[in-house]
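Student: Quick one: the structure is below, questions incoming.
Residue numbers (my numbering), protein chains in the order written: chain B, 8 to 408; chain Z, 8 to 408; chain F, 8 to 408; chain L, 8 to 408.
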């Protein structure tokens, strides 16, 4: 119920129109996130495991199935924004209806269904983060540049000192989910990985450091870029992180609190893998592999990183002192998103969860300011295409020893 | 005030989301139509002719200018649907604000400004028709196929008899707006045109006749099609008028009252110029030229054709007996939309009204069921690209004598 | 035989590779022109009218049919450049084979077949012009900018004086082909047209005058452009006629003799309808209608305009004194390419000749330096889309009186 | 000289037109391959290391640089087919000129330059394979389906028995180039990799087995496909390997000897990573990782696999008995093409060799029938995008133990 309530809290400042518009094919309407997460429970728990349950509306599975081929036909992904009806209010009523049915059903659910309930909650947390980033993207296209929330009060923070480097001697480590507690299918099986000796940064790259990369001509020199990245930079006219603009001689960024000056002490965000990789080369470093990252995370206190506890202002904060693996920004790794040794998708529609996305994408680790607290863990594997950057994505550097 | 009220009446059944979504680049959100027509009065009357008027919001001209290059920068046409804010309620408040200012200003306006007020009203009527057709297109993409209005009560009507042909002996006629009453720039100057002897149909083509064209393989035989039309048919997979679908062995169409069986006695609508031209060839006829059409219209009583008197169900009705040039459907002519001899655009931004669209489009005449009554006249020139068909467009045949 | 020989003369400087490449979907390989014109004779004369004729190669009709739907399947237009085989030599052998068969067949051909022979010759002349302009386009994409022919020797010519204006009082004129001698289907029927009083320029616009339009910011001011034209200018980054480039502070153009300085006294060429229309507005004039143009041409001596007599350098020459309707450059008119009153396409595949192209294109009149002499006439209607400009297209102005 | 001669041998059956055409952006003209490989020697050896050397033509580096940003401007990749000049004969003369200069220079070259000569030879071998596959693709678009070479004489071969599985116990292995002999930059550094226990097939998948996958509906069932693969299958209408067509009820393929029936005993080829991965899933297996593959290859005799010894018919042959890691078809692995631990690109233009392609592509191993013998080795890493399949690409299966 806490998970369900957070979704509604995040959507609370949205008008019916805000919740309906789809700003690009990669993004979905907020209303759709609210309904799709509900469809997940209705379909895989109530329909499949609760005898006598009647669908809230027979036509809605067609509307709110995302990509489950095994669940049959569905509405076109790039037309989600055309569904001005059902309204936001009707979708909220759908949520209430399913929540009541779930509350009734939970006590008597079989363990197999219970596992799907847990999956459904973690699934909904993923969509909470997408809801926030999708609204940010939508609002960025509005010439009025509206703010979803007022800006958080901020205490000026000193620029962090130079990056400190945490050494690892290399050798065999165990990575992957160990089966205790919840984990997504792609996080396992737990297995051994071989690391080479290396160092990893004790903090992520800041806005101030990124501005230096820009001023050094980083976006104009092909030497720093992967070939596909350079093609992307030229064809899309990329010269800054997403949402940055130079105004009155100053770097600004658009955020959920509107357009404001960048904070040079805060982690850079909304950069693509291509940008992260180019920056790393320029800085004489590289991106960590996901195994290196996980070894680092497993040996450092998760602390109280900047993640989402409740609906409200979301923004990366100035870097804090202690090495904190979680929060603020997702960290691009140099690892392609591929199956771990021994990985097998589950049977049935649920089996489509992560396995079918294992080409063309790169792994990100750590969790961001828009990640519900408790959602991420050391073994958590997020993934996006190398050009995507509307998530809160950032950079942690590494180097060979 | 009557014109302004009709816009609001048409928008009354719309939710904030309905009014915000943009279904394709050719269409605009209802909210945008409501605001843009208001911007027209605010800019060209209040700002330009009422000393001391303050803009309702300094940032809104950027949002609601359509295509007036002389009025400076404006938001991207294909991103109108991203403006979830201002809300529908705020736009309605903008309308009220401008209406009050206009009511105050009207008594003292100079004649030049008075002419712009008249233009603004006719301009708004054009957008009323677009508002209705754009909503229809948007709703057609919603898998739920919602109805904007309940269906009108219908009395079954017998199929019309064969087309009757009205003869014209040819010779010189006068066409174009004569300067009495309002006319758009492109309707003049009035001038002589030379007609060849011909006949023109006393009614438009019906759904039933169109179904026969389909069943005879009309969409599959290149012999009937212009080369560009055939390319369009193949690349877009066109096999019926827009919104038609075969369901349970019957032809249905989607309309503002949802999906229903076609009425074989009613005029076919939502056909492109390419389709109209192909049909005419198949039927052993041709499309009339715009001069022929105007000569026909000028000599027949406009009658009480099926046009819009008030917000409510809009749909072509079964053909009536007397030759009625106006209403039900816009009629494609065989004439490219080009300037009349002696045409000159007005000076300034207003001069961008129609002249700059005079390439690539074809003239339609007559007015449709979605045209506010009184808006169309014999000299009225509507125009669309030959593939467009989301307006209520239909076909009247002609033949050489 | 003279027509056939000219084609081979034009192709003589081409390598097998030159003759095979296709530079864009609008253009065709020279080899294809040579073969397609031959296929026309083989199909519509030899196959249809000469008993016992055997096709040179059963597979080639598939290769060399252009757009005749009634003649069945054909190779994809945009893949003509992939046909590296048959070779140029094999295509020349095909030509020789068909020429022999035609020479044998001619004496005994029925009149109906004789008419097709005449059509075939005029058809081949059309392709001769295309062959030349398509090679020019191809060579323009080669960074080496090769010349097909050496430059013609030139005598410096003084700039022409201001345009002289030839007046027409308006009234009814006869236009269209009168049935004497050869004419394409779209040139008739001959019919009366109504002209308004106007003047037409006694020469076409020069390169020097066009340079003044550029320097006045003509390509950067939307006021001069049709809406579709402005979209084209922005999306294609158009700032000069095709093949113009500024080098070392001077305007140059690429031509069949390589890249050279523009001649300010010569007619501007390789401009689109959009450019022609924008220029006319900037110059306080308009384009003539095709009826006005034909009335002008019919009353002026065709003279010995600059057209193609033999294979060799082709380029618009400095304007000569007497009003010369034919040669140097095709002249854009303000008339959309639509059927004349009473036009009916012929039956069968031949009927696809011109009628099916009667949407979206504009009429050009006059003939160019690349038109075989004798091909054009006062009633001749050439047509292209308003953005196309790889033909030798130019501008003659007109004005209302 | 042997390497240089093989290029010319492969190009010997080509006409000037064959050698000039570019069939898609991924492919290059044969003439371009011949010239580009020559440019490599001319630039990085003769220009950089031979004092007094004059470029054969100052303008040609612009034409024949491929992607070396550090070498400055170059012609557009997608317009290589527009370079009908220089001719094939001129390019062959360029080759001869550079060969003579190289022969003179070789004895006195510094070791650093000698290393570039070796790189140049291996570089040319890569382009030899591309030349062959690019011609195959070009010829496949010619409706005449020409053969480059006559078919090799074939002895009918029995279908192979079921796949035999070679077990590996897992554990640490060394992979990567060991520094002895030539290796490309991306093959090193040699490093340890951790394998899990698995089996790998003793032969590749055959055409006959692939036909069973097709007949079982493999291309129509999303369950077998990666999400990106399924999108590709739907949007490109993929239903067979490239070049396969059903004719007269039989599976045929187009090859360098024209169109012929498939040999069910021969390895399937011209399949993409997406297809390979889908097939593996359908067959209850997976693709090997590149480390697994290299461990397998390192422990098996390379034998005399089917690779290119001389210009002439090239085609995968029926599978032979002994496990043969090299030849017939490149084998897709499940490994993304990413840098090995400690990889650093070289300095300067040569540094652009492989490193900048390390995103979005998958590794292939083994070498094909079109690979010059001696070019591939156990550590060799080939790479293509997951949808590409115009190379001779095939499938070897693996399974977890």
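For each residue, glycine too, the CB sits at the ideal point set by N, CA and C.
Starting from the Cα of residue 123(B), find the closest Cα among 385(B), 369(B), 45(B), 399(B) and give me that residue.
Tutor: Locating residue 123(B) in the first chain gives position 116, counting from the first residue. Looking at the Cα atoms, 45(B) is the closest of the given residues.
Student: Tell me which same chain residues have a C-beta within less than 7 Å of the C-beta of residue 325(B), skipping the five on either side of it?
Tutor: For the purposes of this step, residue 325(B) is taken as the residue at position 318 of the first chain. These residues qualify, in order along the chain: 164, 270, 272, 273.
Student: Strictly under 9 Å for the Cβ-Cβ distance: is residue 267(L) near chain F by that measure?
Tutor: Looking up residue 267(L) in the fourth chain gives position 260. For residue 267(L), the answer is no, since every Cβ of chain F falls outside 9 Å of its Cβ.
Student: So the candidates are 253(B), 237(B), 231(B), 336(B); which of them puts its Cα closest to the Cα of residue 278(B)?
Tutor: The residue you call residue 278(B) lines up with position 271 of the first chain. Looking at the Cα atoms, 336(B) is the closest of the given residues.
Student: Could you list which residues in chain F have their beta carbon closer than 8 Å to that of residue 94(L), in chain order?
Tutor: Counted from its first residue, the fourth chain places residue 94(L) at position 87. In chain order: 22, 24.
Student: Quick check on DSSP: helix, strand or coil for residue 377(Z)?
Tutor: Within the second chain, the letter at position 370 stands for residue 377(Z). Note: residue 377(Z) maps to coil in three-state DSSP.
Student: At a CB distance below 7 Å, what residues from the stretch 63 to 93 of chain L approach chain F? Give them in sequence order.
Tutor: Hits within the stretch, in order: 66, 69, 70, 82, 86, 88, 89, 90, 91, 92.
Student: Is there a Cβ from chain Z that is less than 9 Å from the Cβ of residue 349(F)?
Tutor: Taking the first residue of the third chain as position 1, residue 349(F) is located at position 342. It does; some Cβ of chain Z falls within 9 Å.
Student: Which residue marks the beginning of the beta strand (DSSP E) containing residue 277(Z), and which one marks its end?
Tutor: Residue numbering aside, residue 277(Z) sits at position 270 when the second chain is read from its first letter. Unbroken run through residue 277(Z): none, as it is neither H nor E.
Student: Quick check on DSSP: helix, strand or coil for residue 207(Z)?
Tutor: As a working mapping, residue 207(Z) is identified with position 200 in the second chain. Of the three classes helix, strand and coil, the one that applies to residue 207(Z) here is strand, per DSSP.
Student: Ordered along the chain, which non-local residues of its own chain (more than five positions away) have a Cβ less than 8 Å from that of residue 357(F)?
Tutor: Taking the first residue of the third chain as position 1, residue 357(F) is located at position 350. Only 51, 123, 126 meet the Cβ criterion.
Student: Where do the N-terminal and C-terminal ends of the alpha helix (DSSP H) with residue 123(Z) fall, by residue?
Tutor: Translated into positions along the second chain, residue 123(Z) becomes position 116. Where residue 123(Z) is concerned, the enclosing alpha helix (DSSP H) stretches over 118 to 147.
Student: Relative to the alpha-carbon of residue 24(B), which residue among 65(Z), 74(Z), 91(Z), 385(Z) has its alpha-carbon at the smallest distance?
Tutor: For the purposes of this step, residue 24(B) is taken as residue 17 along the first chain, with counting starting at 1. It is 91(Z) whose Cα lies nearest to the Cα of residue 24(B).
Student: Mind pulling the chain Z residues with CB within less than 8 Å of residue 365(F)?
Tutor: Taking the third chain and counting its residues from 1, the one referred to as residue 365(F) is at position 358. Within chain Z, the residues near residue 365(F) are 233.
Student: Evaluate residue 306(L) with the Cβ neighbour count: other Cβ atoms within 10 Å of its Cβ, from every protein chain shown; 16 or more gives buried, anything less gives exposed.
Tutor: Counting from one through the fourth chain, the residue named residue 306(L) turns up at place 299. The residue is exposed, with fewer than 16 neighbouring Cβ atoms inside 10 Å.
Student: Counting only beta-carbon separations shorter than 9 Å, does residue 236(B) have a partner in chain L?
Tutor: If you number the first chain from 1, residue 236(B) lands on position 229. By this cut-off, residue 236(B) is an interface position.
Student: Using beta-carbon positions only, say whether residue 204(Z) and residue 408(Z) come within less than 9 Å of one another.
Tutor: The residue labelled residue 204(Z) in the question sits at position 197 within the second chain. The residue labelled residue 408(Z) in the question sits at position 401 within the second chain. Taking 9 Å as the Cβ cut-off, residue 204(Z) and residue 408(Z) qualify as a contacting pair.
Student: On a CA-only basis, which of 27(L), 395(L), 340(L) is nearest residue 387(L)? Give me that one, please.
Tutor: Here residue 387(L) corresponds to residue number 380 of the fourth chain, with the count starting at 1. When each option's Cα is compared against that of residue 387(L), the closest is 340(L).
Student: Determine which residues share a DSSP beta bridge with residue 180(F) and list them.
Tutor: Taking the first residue of the third chain as 1, we reach residue 180(F) at position 173. Residue 180(F) pairs with 200(F).
Student: Tell me where the beta strand (DSSP E) around residue 341(F) begins and ends.
Tutor: Position 334 of the third chain, counting from 1, holds the residue named residue 341(F). Taken as a continuous stretch (DSSP letters only), the beta strand (DSSP E) holding residue 341(F) covers 337 to 343.
Student: Go through its chain and collect everything with a Cβ distance to residue 94(B)'s Cβ below 6 Å, but skip five positions before and after it.
Tutor: Looking up residue 94(B) in the first chain gives position 87. Once the five neighbours on either side are set aside, the close Cβ partners of residue 94(B) are 23.
Student: So is residue 198(L) in contact with chain B if we call contact Cβ pairs under 9 Å?
Tutor: Indexing the fourth chain from 1 puts residue 198(L) at position 191. It does; some Cβ of chain B falls within 9 Å.
Student: Among 72(L), 88(L), 189(L), which has the Cα closest to the Cα of residue 81(L)?
Tutor: Against the fourth chain, residue 81(L) aligns to sequence position 74. Of 72(L), 88(L), 189(L), the residue nearest in Cα terms is 72(L).
Student: In chain order, what residues of the same chain lie with their CB nearer than 8 Å to the CB of residue 181(Z), ignoring the 5 residues before and after it?
Tutor: Numbered from 1 along the second chain, position 174 holds the residue referred to as residue 181(Z). 197, 198, 199, 200, listed in sequence order.
Student: Residue 214(B) lies in the beta strand (DSSP E); which residues open and close that run?
Tutor: Taking the first residue of the first chain as position 1, residue 214(B) is located at position 207. That residue, residue 214(B), is in no beta strand (DSSP E); its alpha helix (DSSP H) goes 214 to 222.
Student: Would residue 230(F) count as contacting chain Z if we go by Cβ distances under 9 Å?
Tutor: Position 223 of the third chain, counted from the first residue, corresponds to residue 230(F). Interface residue, yes.
Student: Listing by chain order, which chain L residues have their CB less than 9 Å from the CB of residue 294(B)?
Tutor: Position 287 of the first chain, counted from the start, is the residue given in the question as residue 294(B). Here the premise fails: no neighbours, minimum Cβ distance about 10 Å.
Student: Please work out which residues of its chain come closer than 7 Å, Cβ to Cβ, to residue 365(L), disregarding the five sequence neighbours upstream and downstream, and give them in chain order.
Tutor: For this step, residue 365(L) is matched to residue 358 along the fourth chain. Excluding positions up to five away in sequence, the list reads 344, 345, 346.
Student: Just reading off the beta strand (DSSP E) that residue 257(B) is part of, what are its end residues?
Tutor: In the first chain, counting from the first residue as 1, residue 257(B) sits at position 250. Note, residue 257(B): beta strand (DSSP E), 257 to 262.
Student: Throw me the rounded Cβ distance for the residue 142(F) and residue 155(F) pair, which I believe falls under 8 Å.
Tutor: Numbered from 1 along the third chain, position 135 holds the residue referred to as residue 142(F). Numbered from 1 along the third chain, position 148 holds the residue referred to as residue 155(F). Right, their Cβ atoms sit about 6 Å apart.
Student: Return the Cβ separation of residue 145(Z) and residue 66(B) in integer angstroms, given the expectation that the two are a contact with Cβ distance under 8 Å.
Tutor: Position 138 of the second chain, counting from 1, holds the residue named residue 145(Z). Position 59 of the first chain, counting from 1, holds the residue named residue 66(B). Their Cβ separation, rounded to whole angstroms, is 18 Å, which puts residue 145(Z) and residue 66(B) out of contact at 8 Å.
Student: Would you say residue 27(B) reaches chain Z, if we count a Cβ-Cβ gap shorter than 9 Å as a contact?
Tutor: By one-based count along the first chain, residue 27(B) stands at place 20. So yes, residue 27(B) belongs to the interface.
Student: Any Cβ of chain Z within less than 9 Å of the Cβ of residue 386(B)?
Tutor: Start at 1 with the first residue of the first chain, and residue 386(B) comes out as number 379. Output row for residue 386(B): interface = no.
Student: For chain F, check one thing: does any of its Cβ atoms lie closer than 9 Å to the Cβ of residue 242(L)?
Tutor: Taking the first residue of the fourth chain as position 1, residue 242(L) is located at position 235. Not one chain F Cβ lies under 9 Å of residue 242(L).
Student: State buried or exposed for residue 30(F), treating a residue as buried only when at least 16 other CB atoms are found within 10 Å of its CB.
Tutor: The residue labelled residue 30(F) in the question sits at position 23 within the third chain. Under this definition residue 30(F) is a buried residue.
Student: Which ranges does the alpha helix (DSSP H) cover as unbroken runs of at least 4 residues, wholly within the stretch 16 to 53 of chain L, from first to last along the chain?
Tutor: As far as the stretch 16 to 53 of chain L is concerned, its whole alpha helix (DSSP H) runs of at least 4 residues are 37 to 48.
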